[in-house]
Amino acid sequence: MSNRGRGALQAAPERPTRAVLYLRQSTYREESVSLELQEAAARQYCERQGYDVVAVEADPGVSGRTFKRPAVLRTMGMVETGAADVIVLWKWSRLSRARLDWAIAVDKVESQGGRIESATEPADMSTSAGRLARGILAEFNAFESERIGEEWQRAIRSRQARGVPGTGGERFGYTRAAKDEYQPDAETGPLLTQMYDRAVAGESITSLARWLNRQGATTTAGGQWDQRRVRRVLDSGFGAGKVVARSNGHTDYLPGIHPAVVGEDVWQAYLEQRRLAPHTPQQNAARYPLTGILICGDCGSGMSATTRSTGDGRRQTLYACNRYQRFRSGGRFVTTMRERVEGWVRGEVEKLAAELEDTRAAEARMRRPAPVNDADAIARQVAAEEAKLTRLTIGWSEGTVPDEAYKLASARIQARRDSLLARQAERRRTDADDAATVLVVRSLAERWDRATPAELRALLAKLIRTVTVHPPVGATRAGATYSIVWGWE
8 MSNRGRGALQ AAPERPTRAV LYLRQSTYRE ESVSLELQEA AARQYCERQG YDVVAVEADP
68 GVSGRTFKRP AVLRTMGMVE TGAADVIVLW KWSRLSRARL DWAIAVDKVE SQGGRIESAT
128 EPADMSTSAG RLARGILAEF NAFESERIGE EWQRAIRSRQ ARGVPGTGGE RFGYTRAAKD
188 EYQPDAETGP LLTQMYDRAV AGESITSLAR WLNRQGATTT AGGQWDQRRV RRVLDSGFGA
248 GKVVARSNGH TDYLPGIHPA VVGEDVWQAY LEQRRLAPHT PQQNAARYPL TGILICGDCG
308 SGMSATTRST GDGRRQTLYA CNRYQRFRSG GRFVTTMRER VEGWVRGEVE KLAAELEDTR
368 AAEARMRRPA PVNDADAIAR QVAAEEAKLT RLTIGWSEGT VPDEAYKLAS ARIQARRDSL
428 LARQAERRRT DADDAATVLV VRSLAERWDR ATPAELRALL AKLIRTVTVH PPVGATRAGA
488 TYSIVWGWE
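What the sequence shown shows, in our numbering, is residues 8 to 496, in sequence order.
Listed below in structure tokens is the structure:
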């Protein structure tokens with residue numbers, strides 16, 4: 008029986024291989040080839056192979072040392088879901104320069120029946136020689152990645168040793184006059200100085216961010232300030248004339264060639280504050296400035312704020328003895344009006360601020376030479392002891408100093424050096440504490456009317472140990488009197 012005239016079964020036309028092009032522009036200048044050139048080469052390759060290009064994915068300006076790239080993850084996903092059969096690259100290095108990431112990518116794609124091919128570095132994956140060639144190219148790409156990374160690190164360390172930032176770029180508080188020349192900016196430089204002063208004086212980083220935003224200041228990228236951005240600027244030490252060098256999780260601050268906008272004492276005070284910050288317990292925002300500072304002069308317990316009604320229906324705020332409020336016994340009910348005691352404390356702070364300014368002015372007029380305990384003087388003594396040790400070691404190595412004499416002399420020199428280093432560290436801590444005290448006093452005197460109760464409480468706690476409220480003596484109707492114990496007393 009003839010099948011002529013009937014619909015005979017026909018072989019279905021073979022579906023073209025679906026290709027997704029993956030492009031990545033390198034961050035390294037010598038390896039950077041435009042995405043357009045990569046795409047053109049990949050499309051020409053697909054045309055020669057008869058592939059149907061179904062998608063183009065690109066990661067512009069992204070390092071090949073990380074696999075956490077949006078476009079490469081989408082590309083891999085297309086093969087895993089069956090939306091593409093082959094991934095076409097310009098070069099093998101475009102997918103990854105990391106050995107582990109490369110091996111995982113190849114395994115994922117091939118386990119799904121897909122392939123990865125290079126437009127400019129062809130290799131027949133159906134043969135062992137082709138797979139070997141691909142492996143050699145992948146290993147060479149990993150080597151190139153490590154070489155480039157080492158070159159970058161050498162370049163960064165060289166810049167840091169010269170006193171310039173490792174990565175260049177803009178810095179808040181400064182204008183970039185030339186390639187590696189930074190000068191304090193007329194507008195943002197004073198803001199950076201205030202950021203350090205206010206931070207050392209006890210203002211929170213969140214409060215600093217709000218203050219900067221209220222001032223209309225923006226980050227170097229033109230954005231709003233938040234806690235992370237403020238902390239990053241302060242921690243960089245750039246405003247203190249430093250450049251940051253990081254290695255193996257350790258941070259060193261090297262002297263920069265740019266001028267500082269804050270003194271070394273302020274910078275050391277900031278570092279000390281950062282060192283202590285993780286160990287400082289968090290407190291709820293205080294509603295009253297003297298909470299936790301006032302002491303009852305009758306029984307020694309603390310005093311807290313409370314309110315009471317007056318005869319005309321108004322509410323008054325006063326500080327009262329906690330023990331008496333709780334037990335209603337054990338002594339007199341010692342109270343003091345909030346406005347009166349806070350006004351007295353403010354007056355004491357302002358007097359202290361004036362005394363400190365007078366003292367600093369007197370010291371400047373006297374121009375006394377640095378004392379023996381000055382940190383810089385101690386540093387010179389340390390250098391002298393190390394020079395002695397160097398000369399002694401040279402003499403021992405040349406045979407002019409006997410072994411026993413070398414051991415005794417070097418032990419004495421090292422002991423003196425270690426003692427000097429301990430004194431130097433203590434001196435720097437003292438200088439930092441002194442600088443912080445001056446900044447706290449100045450900040451309190453200048454910002455009392457503008458600061459919130461919580462901000463005042465934080466500043467006062469850095470400066471004052473206790474304020475004692477002494478009740479009136481005998482039948483006198485005079486109000487309570489006060490005495491203060493400063494934090495350094």
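Idealized CB from N, CA, C, for every residue including glycine.
Asked                                                                                                        : Found
First and last residue of the uninterrupted beta strand (DSSP E) at Y331                                     : No beta strand (DSSP E) holds Y331; the alpha helix (DSSP H) holding it covers N329 to F334.
Bridge partners - W493, DSSP secondary structure assignment                                                  : I471
Between the CA atoms of V86 and R238 - distance to the nearest angstrom                                      : 43 Å
DSSP-derived helix/strand/coil call for G196                                                                 : helix
Three-state secondary structure (DSSP) of D259                                                               : strand
Beta-carbon proximity of G110 to A48, cut-off 7 Å                                                            : Looking at the sequence shown, residue 110 is not Gly but Ala. Against a cut-off of 7 Å, the Cβ pair of A48 and A110 comes out as no contact.
One or two residues paired with A361 in a DSSP bridge                                                        : DSSP lists no partner for A361.
Residue(s) in a DSSP beta bridge with Q190                                                                   : T182
Which of helix, strand or coil DSSP assigns to S211                                                          : coil
Continuous alpha helix (DSSP H) stretch holding Y52: start and end                                           : L42 to Q56
Endpoints, beta strand (DSSP E) assigned at S243                                                             : From DSSP, S243 is part of no beta strand (DSSP E) but of the alpha helix (DSSP H) over Q234 to S243.
Range of the contiguous alpha helix (DSSP H) that encloses E87                                               : P77 to E87
Exposed unless 16 or more other CB atoms sit within 10 angstroms - verdict on T483                           : Note that T483 scores a pLDDT of 48, beneath 50, so its modelled location is shaky and nothing firm can be said.
Anticipated Cβ contact below 8 Å, V93 with G57, distance rounded                                             : V93 to G57, Cβ: 11 Å. No contact.
Opening and closing residue of the beta strand (DSSP E) in which E64 lies                                    : D59 to D66
T258 burial status per 10 Å Cβ neighbour count (16 or more: buried)                                          : exposed
Beta-bridge pairing of H477 - partner residues as DSSP gives them                                            : T488
Span of the beta strand (DSSP E) around T313                                                                 : M310 to S316
Coarse secondary structure for I401, derived from DSSP in three states                                       : helix
Whole-angstrom C-beta distance between L470 and V447, which should lie under 8 Å                             : 5 Å
Span of the beta strand (DSSP E) around C303                                                                 : L301 to C303
Near the ligand FAD: V341 beta-carbon under 6 Å from a heavy atom                                            : The ligand FAD is not part of this structure, which contains no ligands at all.
Environment of I264 [buried if 16+ CB atoms lie within 10 Å]                                                 : exposed
Sequence-distant residues of its chain with Cβ nearer than 6 Å to I420 (five each side left out)             : E392, K395 and L396
Sufficient close CB pairs (3 or more, under 8 Å) joining the stretch 243 to 255 to the stretch 197 to 214    : yes
Buried/exposed call for D114, threshold 16 Cβ in 10 Å                                                        : exposed
Delimiting residues of the beta strand (DSSP E) encompassing A26                                             : R25 to R31
Element boundaries [beta strand (DSSP E), containing K249]                                                   : K249 to S254
One or two residues paired with Q323 in a DSSP bridge                                                        : R315
Sequence-distant residues of the same chain with beta carbon closer than 6 Å to G309, five excluded per side : N329
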